[in-house]
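Numbering (this note's numbering), first residue to last: -4 to 429.
Please read the structure below before turning to the comments.
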């Protein structure tokens, strides 16, 4: 490539798009030194060109027509930060059809249609990078593709949603109720008016589908992720967890045993000695266990203007360097392994159980007998009286058990008269090596 100027088409000028422009302008000298060319924003796609903005863009560079970017021969790279699936997917495919490289922060799009987009990129010899789609400024995708290229990833656990981590942190530190903290998070702008995608685990599930695809080299979709959100987590659950040495976090878990893989997102009791247990507030972290390297963890801000824009700009720099070397489209490793999902019999972990029971003789014996019948044993147990003196709470952590046996146990409790209610149950993760 003999160009001295590389022009970028920016689709979206919201929080992240504004951050990208700030970095390109503020780091212009450094970027020239790194790439050997000047990177310019040639066109910017916006919905409303008259909307007041806290950044200056030349009027002639602003357009409401996406094809002003997609079909402009002077635009080399499209940066997509507008979000959404339709018509964004079509725009990206159109850009690739015209031989333009793509950088996107769109987790929803890549989780649902990443395979199609990457196939089109390979066909056209174009780069598609999406580092910012998973954990904001944390360079986790590049680490999985490049840093672990000589290793075999066995397990990934991630706190990949800042909203839910903020809520659970406040509940843990202040003993507050879920509904109360959610309202506070919405007032501070950490949670949307409709928080469903965050609090029910869907946002994290999309990110875990992307991480699993890259980490295990197997094509995963959102349907492959077992998802459970945090809306049923109570302050009492968190308090009991603390007594037993655990914190509750919404964890994405992807684990490989031989070639069988499980991927889930669920509120999880994680031992206080684990590094993920101390990740608080809106911060994100991804723990990766490699067969050779052992434990590693990537930590940082998972959202925000400049952290996310930094990841986008880093991808942009990689595209430009590839252009200089003439190797665009060659760095992507398409999924090449067969997808084999674990069965419920193969998924194993410890579990936290909280039961409301009749406070009478023989109840604990009934419960332990039922557990034994399902091949489940107890590691820790607390019995706590309730204000109603005819009732008590039994809180326990089991030894390793299969998901199938645990599901059957939960059904079995329905036929035990002295078990009045299964208040809660959670997966438990400790400090054990994989």
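Each residue gets a CB set at the ideal place from its N, CA and C atoms; glycine is no exception.
Fair warning: this is a prediction, and the values are worked out from it, not measured in the lab.
- Bounds of the alpha helix (DSSP H) holding residue 208 are 197 to 211.
- Counted as a single uninterrupted DSSP element, the alpha helix (DSSP H) harbouring residue 17 occupies residues 10 to 21.
- Between residue 272 and residue 293, the CB-CB gap reaches or exceeds 9 Å.
- For residue 151, the pairing in a beta bridge is given by DSSP as 249 and 283.
- When beta bridges are read from the DSSP output, residue 353 appears opposite 386.
- Distances from the alpha-carbon of residue 229 to those of 238, 243, 98 and 363 put 243 closest.
- The C-beta distance from residue 76 to residue 15 rounds to 7 Å, short enough to meet the 8 Å contact threshold.
- Around the beta carbon of residue 380, fewer than 16 other beta carbons lie within 10 angstroms, which makes this residue exposed.
- With 16 or more other Cβ atoms inside 10 Å of its own Cβ, residue 261 counts as buried.
- DSSP lists 40 as the bridge partner or partners of residue 58.
- Residues 143, 146, 147, 148, 149 and 291 of the same chain have their beta carbon placed closer than 8 Å to that of residue 285, with the five preceding and five following residues left out of the count.
- Counting C-beta atoms within 10 angstroms of its own C-beta, residue 201 has 16 or more neighbours from the protein chains shown and is therefore classed as buried.
- In this structure residue 278 is in contact with residue 160, their Cβ atoms being roughly 7 Å apart against a cut-off of 8 Å.
- Here the region 108 to 125 makes no contact with the region 256 to 270; the two share fewer than three CB pairs at distances below 8 Å.
- Under the three-state reduction of DSSP, residue 270 is assigned to helix.
- DSSP places residue 298 outside both helix and strand once states are collapsed to three, so it counts as coil.
- Closest in C-alpha terms to residue 398, from the list 346, 191, 385 and 54, comes 346.
- Approximately 7 Å separates the beta-carbon atoms of residue 371 and residue 401; this is inside 8 Å, confirming the contact.
- For residue 420, the uninterrupted beta strand (DSSP E) run begins and ends at 414 to 424, by DSSP.
- Exposed is the label assigned to residue 395, since fewer than 16 other Cβ atoms lie within 10 Å of its Cβ.
- Buried is the label assigned to residue 41, since at least 16 other Cβ atoms lie within 10 Å of its Cβ.
- In this structure, DSSP gives residue 408 a helical state, which the three-state scheme calls helix.
- Collapsing the DSSP output to three states places residue 393 in a strand.
- Here residue 61 really is in contact with residue 6; their C-beta atoms are around 7 Å apart, less than 8 Å.
- For residue 255, DSSP records a beta bridge to 252.
- Counting only residues of its own chain and dropping the five nearest sequence neighbours on each side, residue 311 has a CB closer than 6 Å to the CB of 98.
- Exclusion of the five residues before and after residue 186 leaves 158, 177, 180 and 193 as the residues of its chain whose Cβ lies within less than 7 Å of its Cβ.
- In this structure residue 82 is exposed. Its beta-carbon is surrounded by fewer than 16 other beta-carbon atoms within 10 angstroms.
- Per DSSP, reduced to three states, the secondary structure at residue 52 is coil, with no helix or strand assignment.
- The three-state secondary structure of residue 67, taken from DSSP, is coil.
- Residue 126 sits in coil when the DSSP states are folded into three classes, being neither helix nor strand.
- Contact check for residue 374 and residue 393: beta-carbon distance about 6 Å, within the 8 Å limit, so the pair qualifies.
- DSSP places residue 220 outside any beta strand (DSSP E), giving it a letter other than H or E.
- No residue range can be given for residue -1, since it is assigned to no alpha helix (DSSP H) and is classified by DSSP as neither H nor E.
- The beta carbon of residue 349 sits closer than 6 Å to those of 390, 418 and 419, all from its chain and outside the five residues before and after it, given in chain order.
- The Cβ atoms of residue 167 and residue 233 lie closer than 9 Å to each other.
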